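Positions 18 to 199 (my numbering) are the ones given, in order, by the sequence shown.
Even glycine gets a Cβ: it sits at the ideal position worked out from N, Cα and C.
Keep in mind the model is a prediction, meaning the values are calculated, not measured.
These notes are about the structure you will find just below.
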Amino acid sequence: MEIATVVKHPCAGMTKAQRRDFEMIAINERPRGGVQTLKALKARGLIEDAEPRIVGRDRFGDIKVPNWSIPLHVHRQWCEWCSKQPDPTDTGERDVSETIELQTCEHCQKDKDLSTMTRMDDCWFCAGCTAGFQKHFEACDHKWSPHIDSMGDEGQCCDRCTGFVRDEDFRLLFNKPAPDRS
Ligand SMILES: [Zn+2]
Ligand SMILES: [Zn+2]
């Protein structure tokens, strides 16, 4: 008889969202869940705070986002778990089609179905809030100032509605070139 060593996923027994965020961090992606999910992972010692990541610069200075890392021994356990799975690229998302994936809207803080949401920069917004922004944006008599967004794209930020348009999209949207950067 063969003796199988069972390697447990580091998040065994935790929620799907916690496990997903752990895996996102493990592969250097931004976790999608909220503060509670990260807190739970931290409480179990599965993630730890890392140096904030600098994603860009704006007129107020560096744009930093919080960052996390996985302690080495946990990461090792996870890698071992992955290697024991039938398909190493499948890291537990196999039942994604059966359940609705929830994501917290950055604006209204409500959990919504991720597939209906829009991503801007690193944040997710629900359909309702996105439509609201759009309306607000369209109704605005924009007052543009040069701005660099958190992805490092040069564009224009409206002082009135806080809308952001990349320079390369400006002509498409407004049928005129972006205002000069000075
Ligand atoms: Zn919302
Ligand atoms: Zn505006």
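Taken atom to atom, the span from the alpha-carbon of D38 to that of I80 is near 22 Å. By the CB criterion at 9 Å, R49 and W141 fall inside the cutoff. Restricting attention to beta strand (DSSP E) runs no shorter than 3 residues, the region 20-94 encloses them at 65-75, 78-86, ordered along the chain.
Here the region 161-171 lies against the region 69-84, with 3 or more beta-carbon pairs under 8 Å apart. Of the residues Q173, T179, H164, the one whose Cα lies closest to the Cα of G149 is T179. Taking all protein chains shown into account, Q53 has fewer than 16 neighbouring C-beta atoms within 10 Å of its C-beta and is therefore exposed. Residue F181 holds the alpha-carbon nearest to the alpha-carbon of K160 among C143, F181, T147, I87.
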